[in-house]
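**Student:**
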Amino acid sequence: MGKKFLWMLGGISAVALLCGSVSLRAQRPGPTVYVALWFDTEDYILPQSAEAAKRIAVLLRQRDIRATFKLVGEVARSYERSNRTDVIAALSHHEIGYHTNFHSQHPTLAEYLEPLGWEEGVAEFDRRERPGVELLRKMFGALPTAFGQPGSSWAPQIYGGLRKWGSPVYLDAMSHVRLNGKPFYFGGILNILESEMAGSIRPNEDFSNLQEGKNKFSSLYERRMAEGGGIISIYYHPCEFVHKEFWDKTNFAKGANPPPADWKLPPLLSPEDSEASFRHFEQLVDYMMRFPRVKFITASDAAQLYRDTAQRRVYSRRELADIAEQVDSDITFQIYPNYTLAPSEVFSLLTFYLAQQISERSNAAITLSGTPFGPSSSAARLSGPQEIPWGQFFRTVLEVEATLRKSNKIPSVIWFGSTPCPPESYLAAAAEMARLLLDGSEVPDVVQIAPATLTTEQYVADNDPRLWGWVIFPENFSAPNLMALGKLQAWTLKPALLSTSTRRR
Ligand SMILES: [Zn+2]
Numbered sequence: 012m013g014k015k016f017l018w019m020l021g022g023i024s025a026v027a028l029l030c031g032s033v034s035l036r037a038q039r040p041g042p043t044v045y046v047a048l049w050f051d052t053e054d055y056i057l058p059q060s061a062e063a064a065k066r067i068a069v070l071l072r073q074r075d076i077r078a079t080f081k082l083v084g085e086v087a088r089s090y091e092r093s094n095r096t097d098v099i100a101a102l103s104h105h106e107i108g109y110h111t112n113f114h115s116q117h118p119t120l121a122e123y124l125e126p127l128g129w130e131e132g133v134a135e136f137d138r139r140e141r142p143g144v145e146l147l148r149k150m151f152g153a154l155p156t157a158f159g160q161p162g163s164s165w166a167p168q169i170y171g172g173l174r175k176w177g178s179p180v181y182l183d184a185m186s187h188v189r190l191n192g193k194p195f196y197f198g199g200i201l202n203i204l205e206s207e208m209a210g211s212i213r214p215n216e217d218f219s220n221l222q223e224g225k226n227k228f229s230s231l232y233e234r235r236m237a238e239g240g241g242i243i244s245i246y247y248h249p250c251e252f253v254h255k256e257f258w259d260k261t262n263f264a265k266g267a268n269p270p271p272a273d274w275k276l277p278p279l280l281s282p283e284d285s286e287a288s289f290r291h292f293e294q295l296v297d298y299m300m301r302f303p304r305v306k307f308i309t310a311s312d313a314a315q316l317y318r319d320t321a322q323r324r325v326y327s328r329r330e331l332a333d334i335a336e337q338v339d340s341d342i343t344f345q346i347y348p349n350y351t352l353a354p355s356e357v358f359s360l361l362t363f364y365l366a367q368q369i370s371e372r373s374n375a376a377i378t379l380s381g382t383p384f385g386p387s388s389s390a391a392r393l394s395g396p397q398e399i400p401w402g403q404f405f406r407t408v409l410e411v412e413a414t415l416r417k418s419n420k421i422p423s424v425i426w427f428g429s430t431p432c433p434p435e436s437y438l439a440a441a442a443e444m445a446r447l448l449l450d451g452s453e454v455p456d457v458v459q460i461a462p463a464t465l466t467t468e469q470y471v472a473d474n475d476p477r478l479w480g481w482v483i484f485p486e487n488f489s490a491p492n493l494m495a496l497g498k499l500q501a502w503t504l505k506p507a508l509l510s511t512s513t514r515r516r
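All letters in the sequence shown, in the order written, are residues 12 to 516 by the working numbering.
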């Protein structure tokens with residue numbers, strides 16, 4: 012046998028073997044459980060935290076697992092100052108997310124965004140936080156793929172900033188916005204905010220609860236399998252493996268803001284307990300790896316798996332008729348087999364369709380490019396039905412279309428001449444007019460505008476002291492303005508669908 016033939020044979024058998032194992036795995040029936048491991052890498056005070064981040068990065072890499080490390084800008088600067096190129100190199104095998112520029116130094120995110128409205132807040136978030144993004148981009152050669160706030164310091168204006176940066180995922184654990192415990196889109200960003208493992212994976216005092224963590228994972232795995240696949244989001248902080256108390260609680264609790272010269276080191280775990288913490292974590296990871304349908308993913312993998320298939324697709328007349336048909340005075344998101352639509356997207360599609368039809372412009376394709384943001388402020392609800400002449404309705408639709416094209420944002424108030432109207436009522440009427448036109452029917456001489464409600468607001472929490480229980484906040488901190496602004500962004504809320512083309516991998 013010639014060498015070439017041998018090589019071919021070798022090549023064929025290697026390929027066959029590879030395909031065999033790959034296809035066996037691929038053909039095994041059943042869904043996939045995606046495990047997203049992420050690490051809030053935030054402690055720039057205790058030097059041992061850098062070592063902990065490196066050790067976790069290395070032990071995961073040894074297992075071929077890529078995780079998401081959400082770094083604080085000041086942590087990256089601390090690596091530079093102490094010349095920890097080894098830590099940077101270890102982290103660079105994983106995906107880098109962003110966890111604000113200074114984390115717990117005051118004012119934190121929610122503190123400085125509470126007094127600001129939408130536009131000013133987005134600009135202020137960008138001004139304060141962008142330097143950390145730029146540093147991470149330079150250090151790791153890529154834009155951070157995920158963002159998460161410090162503690163419970165959430166604010167809706169963050170989403171405006173993330174869209175500016177092109178950061179695709181909000182990866183955190185919190186209760187300000189929730190949608191049935193599943194990933195969702197909010198502000199045009201994929202949100203993964205449920206972490207059911209949080210309470211059960213951390214070791215207790217005598218490290219006797221490993222089995223409890225395993226049981227919790229196993230039951231979540233079974234639940235996801237029964238649901239046809241899904242995500243399990245698990246987070247840690249590298250500093251948890253070396254400290255007894257968080258670096259920021261030691262220094263910035265209850266609004267304290269000492270200068271760097273007065274920062275104190277938090278108490279350390281004993282070397283034995285620190286070792287046992289790493290071991291506890293390793294054993295849990297090794298346990299998760301044994302499940303046949305587990306696949307470890309990063310934030311950008313999640314963005315791909317849950318990608319927003321409503322964007323850049325062409326909507327047929329038939330689909331637009333279905334979309335218009337679904338709209339009533341309870342404005343909410345819409346779910347179709349292959350895509351979902353946020354209320355602001357329904358608003359946009361139907362406005363573009365109406366504008367095109369009534370101005371008798373070309374029959375160009377109706378598409379979506381980006382989720383329009385919600386309004387900046389809330390309009391007074393209509394006290395009762397109003398009658399708007401068709402000619403006025405028509406002129407207003409064209410104005411709304413122009414506003415959407417310019418700012419891709421729902422107007423706070425829509426004017427029918429001298430009559431102000433909230434966008435909810437406009438959408439309900441616009442959907443009815445779109446239905447008539449798509450049906451080939453005549454439009455009426457007078458359009459009825461009636462009170463309507465944005466029901467997706469229910470998924471954004473009412474302001475409550477429990478939302479702001481983070482130990483770093485000044486005592487009695489509350490942010491009613493942020494939650495009110497958040498409810499306006501409920502225009503952008505919709506479920507995220509696990510992509511069918513990748514579900515059976
Ligand atoms: Zn944090």
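The beta-carbon is built from N, C-alpha and C at its ideal position, and this holds for glycine as well.
Could you tell me if the beta carbon of Glu122 falls within a distance shorter than 7 Å of some heavy atom in ligand 1?
**Tutor:** No, the beta carbon of Glu122 sits no closer than 7 Å to any heavy atom of ligand 1.
**Student:** Going by alpha carbons, who is nearest to Lys275 out of Ser285, Asp259, Ala287?
**Tutor:** Measuring from the Cα of Lys275, the nearest candidate turns out to be Asp259.
**Student:** Output the distance between the C-alpha atoms of Tyr196 and Thr351, rounded to the nearest integer angstrom.
**Tutor:** Cα-Cα distance, rounded: 9 Å.
**Student:** By a C-beta neighbour count over all protein chains shown, 10 Å radius and 16 as the cutoff for buried, is Gly143 buried or exposed?
**Tutor:** Gly143 is buried by the Cβ-count criterion.
**Student:** Terminal residues of the continuous alpha helix (DSSP H) containing Asp319?
**Tutor:** From DSSP, Asp319 is part of no alpha helix (DSSP H); its letter is neither H nor E.
**Student:** For Thr96, which three-state DSSP category applies?
**Tutor:** Helix, per DSSP.
**Student:** Count the C-beta pairs between the segment 157 to 173 and the segment 483 to 499 that are closer than 8 Å, then say yes if the count reaches three, no if not.
**Tutor:** Touching, per the Cβ criterion.
**Student:** Given Val458, which residues of its chain have a CB within under 7 Å of its CB, disregarding the five upstream and five downstream residues?
**Tutor:** Correct list, in chain order: Ile399, Trp401, Phe404, Ala440, Met444.
**Student:** Below 8 Å, can you find three or more Cβ-Cβ pairs linking the segment 232 to 243 to the segment 498 to 505?
**Tutor:** The answer is no - the segment 498 to 505 does not touch the segment 232 to 243, with fewer than three Cβ pairs under 8 Å.
**Student:** Which residue's Cα is closest to the Cα of Ile334: Leu360, Met299, Val408, Ala87?
**Tutor:** For Ile334, the nearest C-alpha among the options comes from Leu360.
**Student:** Does the beta carbon of Asp51 fall short of 7 Å from some heavy atom of ligand 1?
**Tutor:** Yes; taking the cut-off as 7 Å, the Cβ of Asp51 has a heavy atom of ligand 1 nearer than that.
**Student:** For a test of your reading of the model: does the CB of Pro118 fall under 7 Å from any non-hydrogen atom of ligand 1? Yes or no.
**Tutor:** Answer for Pro118: no, Cβ out of range of ligand 1.
**Student:** Go ahead and label Asn262 buried or exposed: buried means 16 or more other beta carbons lie within 10 angstroms of its beta carbon, across all protein chains shown.
**Tutor:** It is buried - the Cβ of Asn262 has at least 16 other Cβ atoms within 10 Å.
**Student:** On the premise that Ala166 lies in contact with Ala121, defined as a C-beta separation below 8 Å, what is that separation, rounded to the nearest angstrom?
**Tutor:** Confirmed, Cβ separation roughly 5 Å.
**Student:** Roughly how many angstroms separate the alpha carbons of Ser389 and Glu283, rounded to a whole number?
**Tutor:** If you take the alpha carbons of Ser389 and Glu283, they lie about 56 Å apart.
**Student:** With which residues is Leu279 paired in a DSSP beta bridge?
**Tutor:** BP columns for Leu279 point to His254.
**Student:** To the nearest angstrom, how far is the alpha carbon of Ser230 from that of Met208?
**Tutor:** If you take the alpha carbons of Ser230 and Met208, they lie about 11 Å apart.
**Student:** Ordered along the chain, which non-local residues of its own chain (more than five positions away) have a Cβ less than 8 Å from that of Pro42?
**Tutor:** If we look at Pro42 and ignore the five residues flanking it on each side, its Cβ neighbours are Arg235, Met236, Glu238, Gly239, Gly240, Gly241, Arg304, Arg514, Arg515.
**Student:** Can you tell me whether Pro506 is helix, strand or coil according to DSSP?
**Tutor:** Here Pro506 sits in strand by DSSP.
**Student:** Is there contact here, the segment 170 to 186 with the segment 98 to 107, by at least three beta-carbon pairs under 8 Å?
**Tutor:** In short, these stretches do not touch, since the Cβ pair count stays below three.
**Student:** Would Ala87 be called buried (16 or more neighbouring beta carbons within 10 Å of its own) or exposed?
**Tutor:** When all chains shown are included, Ala87 counts as buried.
**Student:** Under DSSP, the beta strand (DSSP E) around Ile399 begins and ends at which residues?
**Tutor:** Unbroken beta strand (DSSP E) run through Ile399: 397 to 400.
**Student:** Just list the beta strand (DSSP E) runs in the segment 37 to 73, keeping only unbroken ones of 3 residues or longer that don't cross its boundaries, in chain order.
**Tutor:** With a minimum length of 3 residues, the continuous beta strand (DSSP E) runs that stay inside the segment 37 to 73 are 44 to 52.
**Student:** From Ala37 to Met300, what does the alpha carbon distance come to, in whole angstroms?
**Tutor:** Since pLDDT at Ala37 reaches only 45, below the 50 mark, its modelled position is unreliable, and the value read off the structure follows with that caveat. Cα to Cα, Ala37 sits roughly 17 Å from Met300.
**Student:** Buried or exposed for Gly199, going by 16 or more other Cβ atoms inside 10 Å?
**Tutor:** When all chains shown are included, Gly199 counts as buried.
**Student:** What's the C-alpha gap between Thr96 and Phe151?
**Tutor:** So the alpha carbons of these two residues sit roughly 11 Å apart.
**Student:** Return yes when the C-beta of Pro161 is under 7 Å from any heavy atom of ligand 1, and no when it is not.
**Tutor:** Yes, ligand 1 has a heavy atom inside 7 Å of this Cβ.
**Student:** Would you say the beta carbon of His104 is closer than 7 Å to some non-hydrogen atom of ligand 1?
**Tutor:** Checking the Cβ of His104 against ligand 1 gives no.
**Student:** Between Phe307, Ile346, Ile342, Asp297, which lies nearest to Thr320 when the distance is taken from Cα to Cα?
**Tutor:** Selected option, being the one with the closest Cα: Ile346.
**Student:** If you follow the alpha helix (DSSP H) that Ala129 is in, where does it begin and where does it stop?
**Tutor:** This sequence places Trp at residue 129; Ala is not what is there. 129 to 151 is the extent of the alpha helix (DSSP H) around Trp129.
**Student:** Sorted by chain position, which residues of the same chain lie with C-beta nearer than 6 Å to Lys255's C-beta, five sequence neighbours on each side aside?
**Tutor:** Hits under 6 Å: Pro278, Leu280.
**Student:** Looking at Lys81: is its Cβ nearer than 8 Å to the Cβ of Asp51?
**Tutor:** Closer than 8 Å, so yes.
**Student:** Strictly by DSSP, which residues pair up with Gln294?
**Tutor:** None; Gln294 has no bridge partner.
**Student:** By Cβ distance below 7 Å, which residues in the same chain neighbour Pro155 in space, the five residues on each side in sequence not counted?
**Tutor:** Closer than 7 Å at Cβ, skipping near neighbours: Ile107, Gly108, Tyr109, Val144, Leu147, Ser178.
**Student:** Shortest alpha-carbon distance to Tyr298 belongs to which of Glu223, His248, Ile425, Ser206?
**Tutor:** Answer by Cα proximity: Glu223.
**Student:** With a cut-off of 8 Å on the beta carbons, I'd call Gly497 and His187 a contact; round off their distance for me.
**Tutor:** That belief holds up - the Cβ atoms of Gly497 and His187 are roughly 7 Å apart, short of 8 Å.
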